[in-house]
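Residue numbers (this note's numbering): 11 to 215. A quick write-up on the structure given underneath.
This is the structure:
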């Protein structure tokens, strides 16, 4: 009953305030992610409140906004300090440069992996030389499958509550996305390792 009541409250808010209601959800979601507070419950609630498609769009916008804000915080408040600490370490700088030059691929592959916490990744990428636009695009693309999986699980719950048949995969989408994510984890690890080895090899030569 509490879940249904909460759902109704959110729906009234969104309906009553129109776009402002969606904006509030986005800001709350992004704020939690920037503070490194897991937002999976909110991701699932987006499906419960808004359905699969609208919920995925809202979560995608929220997650991308959080990723951008955390990245900029790390980039402008911590990266210079990191560079001073590793000054003279040619291997680190070479690897950092290689990752930066292949930023979109690296970020997309690692975002598809379920093993790197989303909030932690936001700040870690900001400490590298990855450019902002490739990072944002890679984050958005790489987060879509996972977002869809959790939102679909929430939408499945909505369908049960409302006795609807609009949801197909439901909770099984999480297992499918997890399997795909583990595959991309291996691909990402192999790709990043190869970049690092090539960068170090260039120094040694």
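The beta-carbon is built from N, C-alpha and C at its ideal position, and this holds for glycine as well. Quantities reported herein were computed from a predicted structural model and do not represent experimental measurements.
| Item | Value |
| --- | --- |
| Count the C-beta pairs between the region 156-165 and the region 33-53 that are closer than 8 angstroms, then say yes if the count reaches three, no if not. | yes |
| With distance defined between alpha-carbon atoms, name the residue in 137, 82, 145 nearest to residue 95. | 137 |
| Using a Cβ distance threshold of 8 angstroms, determine whether the region 131-150 contacts the region 66-83, with at least three qualifying pairs required. | yes |
| Just how far apart, CA to CA, sit residue 73 and residue 118? | 14 angstroms |
| Report yes if the CB atom of residue 54 is closer than 7 angstroms to the CB atom of residue 152, and no otherwise. | no |
| What number of angstroms, rounded off, separates the C-alpha of residue 123 from the C-alpha of residue 69? | 18 angstroms |
| Compute the Euclidean distance between the alpha carbons of residue 35 and residue 100, then round it to the nearest angstrom. | 44 angstroms |
| If you reduce the DSSP assignment to three classes, tell me which class residue 47 lands in. | coil |
| Three-state secondary structure (DSSP) at residue 132? | helix |
| Enumerate in chain order the residues of its own chain whose CB-to-CB distance from residue 150 is below 7 angstroms, with the five nearest sequence positions on each side excluded. | 70, 74 |
| Whose C-alpha, out of 40, 64, 131, is nearest the C-alpha of residue 85? | 131 |
| Who are the near neighbours of residue 126 in its chain, counting only those whose CB is closer than 7 angstroms to its CB and skipping five residues on each side? | 120 |
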